[in-house]
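This report refers to the structure that appears directly beneath it.
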Amino acid sequence: MMRRAVVVGTGHYLPERVVENAEFEATLDTTDEWIRSRSGIERRHFAAEGETTSDMATAAAESALKDAGLSVEDVDAIVLATSTADLTFPSAATMVQAKLGMTQGFAFDVQAVCAGFAYALANANALIVSGQADRVLVIGSETFSRIMDWTDRATCVLFGDGAGALLLEAQEGDGSNADRGILATDLNSDGRYKDLLYVDGGVSTQNTGHLRMQGNQVFRHAVEKLAKTANTALDRAALTTADVDWIVPHQANIRIIQGTAKKMGLPMEKVVVTVQDHGNTSAASIPLALSVGKSRGQIKPGDVIVTEAIGGGLAWGAVVLRW
Ligand code: UT7
1 MMRRAVVVGT GHYLPERVVE NAEFEATLDT TDEWIRSRSG IERRHFAAEG ETTSDMATAA
61 AESALKDAGL SVEDVDAIVL ATSTADLTFP SAATMVQAKL GMTQGFAFDV QAVCAGFAYA
121 LANANALIVS GQADRVLVIG SETFSRIMDW TDRATCVLFG DGAGALLLEA QEGDGSNADR
181 GILATDLNSD GRYKDLLYVD GGVSTQNTGH LRMQGNQVFR HAVEKLAKTA NTALDRAALT
241 TADVDWIVPH QANIRIIQGT AKKMGLPMEK VVVTVQDHGN TSAASIPLAL SVGKSRGQIK
301 PGDVIVTEAI GGGLAWGAVV LRW
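Counting in my numbering, the sequence shown runs from 1 upward without gaps.
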């Protein structure tokens, strides 16, 4: 017998304001055609003035709790993946805890940029498997619109805001890969690549800063590292690509998503794609895609799912789970 972290609820939240690619044509030397063909993005959501990462995270968490038929009293911990917390401190996770009306347990943020949700899932899984928590809300929530340089066409057209949440619950499995829940994880980082994707400010440099990216360099690392981490996680779960029902990748660029699927030998019919509607929502993209994929009827109980993500650090990783 073995404790497994099983997904018992999903939810997501997208801000009301939708911005189509064409809107950028008024202020930047860009076109809908360039954005669509180079990234696959057609539109994205932007948070309203005053709407914060913890607001969106709370809405996604409430929806995941409702989906599971559970309430905040049933939750032991909140792990929130974000690089755009409301305040320098306290953590956005503790703000979500308060907004949910949760007065027990513990909450903390995980910061691994676009790979944040893989890191958050791996940490939540460790809390559950080691018996430190029975139910964990794992949330990804981002307001990247607040760190865009609106004069840089190479970055500001790529990102969006949103939040997604999973409720994980400890359940007994037999320890085999037929169990439901998280079956394997693989995390990696290599800080030598810091300059490829970073924000040029922060607390100890005394300004908030803007996102800076050498997109084509990140692209070059992405396909190779994502296919490798996904295959490593599958190996650890004693599964092969033939066992995979769905890849739910980080949604940064349709060409990275296609390249990774191809390198893994999987057809696009097995990939959940939301990048056209959400843009790159950093740590929120995977839980958003899981929640949307479930509501579209793509993801079903018993399915083997591989999630993979890469971003600033570089940091990257994959999680294999049975839904
Ligand atoms: O989620 C975190 C990880 N991040 C990623 O995964 C992002 C990875 N990178 C990418 O998705 C792609 O590299 C981009 C979508 C950012 C760019 O696509 P690309 O095919 O790598 O293009 P590029 O950066 O090599 O730029 C090609 C050209 C350049 O012009 P020149 O130098 O060839 O004359 C850019 O200046 O496209 C130009 N360009 C644009 N043109 C019109 C860059 N941005 C734009 C734009 N509109 N918005």
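Ideal placement from N, C-alpha and C gives every residue a C-beta, glycine not left out.
According to DSSP, residues forming a beta bridge with residue i
i	result
S189	A315
H12	G164
E172	R3
Y198	R212
F46	R17
L137	I78, L167
V346	This structure does not reach residue 346, given that the chain is present from 1 up to 323, and the question cannot be answered.
E142	G162
W246	I305
A107	I78
V271	I247
Burial state of residue i, where buried means 16 or more other Cβ atoms lie within 10 Å
i	result
A26	exposed
D186	buried
R44	buried
G181	buried
F89	exposed
E169	buried
T151	exposed
A238	exposed
P301	exposed
E62	buried
L65	buried
A260	Reading off the sequence shown, one finds Thr at residue 260, where the question assumed Ala. So T260 counts as buried.
Q97	buried
V203	exposed
T326	Nothing can be reported for residue 326: it is not among the residues displayed for the chain, which extend from 1 to 323.
V18	exposed
G140	buried
Q298	buried
D195	exposed
K262	exposed
R220	exposed
G11	buried
T205	exposed
D174	exposed
S37	exposed
Q55	Here the sequence assigns Asp to residue 55, which means Gln is not the residue at that position. So D55 counts as buried.
M268	exposed
E49	exposed
S130	exposed
E142	buried
Residues near residue i by beta carbon distance below 6 Å, same chain, minus five either side
i	result
S189	G313, A315
A68	V8, G9, L167
G160	R44, H45, H278, G279, T281
M1	E172
A118	A309, G317, V319
Y193	L314
F24	T30, V157
T208	G201
D32	N21, A22
N125	A5, I182
A112	Y119, A315
T232	D186
A107	I78, A93, T94, Q97
D74	R135
Nearest-angstrom beta carbon gap, residue j and residue i [assumed within contact, 8 Å]
i	j	result
V319	T307	5 Å
I41	V272	With 8 Å as the limit, I41 and V272 do not qualify as a contact, their Cβ atoms being about 16 Å apart.
I78	L137	5 Å
H250	S285	5 Å
L80	V110	7 Å
T58	L28	In fact, because the Cβ distance is near 33 Å, the residues do not count as touching under 8 Å.
T84	T53	5 Å
V223	I256	6 Å
Same chain, Cβ closer than 8 Å to residue i, neighbours up to 5 away in sequence not counted
i	result
A154	M213, G215
L266	T241, V244, I247
A178	R322
V72	L65, L100, G101, M102
S145	F46, A47, F159, G160, D161
N123	V79, V110
K270	V244, D245, W246, I247, A261
Own chain partners of residue i with C-beta closer than 7 Å, once the 5 adjacent residues on each side are dropped
i	result
E51	P15
Y198	R212, G312
G191	G313
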